[in-house]
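Notes to accompany the following structure.
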Amino acid sequence: MTQRADTNYPDEVCGLLSGKEGWVTGHYPITNQLHSERLFFMNPGEMVRAMDLYETRGEELLAIYHSHPNGKGELSKTDIQQDFYPGVVKFILSGEPGNWQGTAWQTSPANPPKEVTWKMLSETN
Ligand SMILES: [Zn+2]
């Protein structure tokens, strides 16, 4: 994830994290169709392919991530308004190349986002 954020800087990167029982084991990078420093929109075809793949592997969607280059770890107004998957953790990588921080948020249709704890054990891609 951080490598992609480095490579695509200053554009936002986005993707899906899948796994089982709260353990992330799958990373599915998705193209940000907007190629923007402030907004992202996931390529729908790539999203469908990713979902097929993790379902085949018996995994579920654990988090949707995107980066905030030079930004904060909080969800933006747009992030909250365009939350098409309430209930799924939103993971934000904020910072700049070589120095990204991760923040995870639990969202729901009725309540403001709540920060949740997560732990990085290792990152392979
Ligand atoms: Zn955002």
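So the number in the working numbering is just where the residue sits in the sequence shown, counting from 1, plus 231.
Think of the CB as a built atom: it goes at the ideal place given N, C-alpha and C, for glycine as much as any other residue.
In this text, all values refer to a predicted model and were calculated from it rather than measured experimentally.
- The three-state reading of DSSP puts Met282 in helix, counting H, G and I together.
- Along the region 285-317, the alpha helix (DSSP H) occurs as fully enclosed runs of 4 or more residues at 308-312, listed in sequence order.
- Judged by their CB atoms, Leu292 and Met282 are nearer to each other than the 9 Å cut-off.
- In the DSSP annotation of this structure, the continuous segment of the beta strand (DSSP E) that includes Ala335 starts and ends at Asn330 to Gln337.
- In terms of Cβ geometry, Tyr285 and Leu324 do not form a close pair [threshold 9 Å].
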